[in-house]
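Enquirer: Below are the structure tokens for one structure; questions will follow.
Set out below in structure tokens:
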């Protein structure tokens, strides 16, 4: 059994278990693999689910792939994310 890989997560600023493999191909995928924990990546997936639902994105569209990569880059390495203006967190919906 191999030892679990630990990374210093740029999102959570802690040493945590890393991803098992890069989440996407290319330079961005490798950068995320090297710098983001499993827990941090799960936070991104939850964020992206909200983006898909709010904007009703077509997951089969190449344009959505570009949005996915742009959102990953911004979420982990940019200045943060901007939520859609119409977004209401689930616990605030009535």
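Numbering (our numbering), first residue to last: 1 to 94.
All C-beta atoms in this analysis are idealised placements derived from N, C-alpha and C, irrespective of residue type, glycine included.
Computed from a predicted model, the values in this text were never measured in an experiment.
Could you name each continuous alpha helix (DSSP H) segment of 4 residues or more that falls completely within the segment 27-81, going from the start of the chain to the end?
Expert: For the segment 27-81, whole alpha helix (DSSP H) runs of length 4 or above, ordered along the chain, are 38-55, 62-77.
Enquirer: With respect to the beta strand (DSSP E) encompassing residue 14, which residues constitute its N-terminal and C-terminal limits?
Expert: Here the beta strand (DSSP E) through residue 14 covers 14-17.
Enquirer: Are residue 41 and residue 22 close, meaning C-beta to C-beta below 8 Å?
Expert: Taking 8 Å as the Cβ cut-off, residue 41 and residue 22 do not qualify as a contacting pair.
Enquirer: What residues are listed by DSSP as bridge partners for residue 7?
Expert: According to DSSP, residue 7 bridges with 16.
Enquirer: Does the contact criterion of 3 or more C-beta pairs under 8 Å hold for the segment 29-43 versus the segment 55-68?
Expert: With a cut-off of 8 Å, the segment 55-68 and the segment 29-43 do not count as touching, because too few Cβ pairs lie within range.
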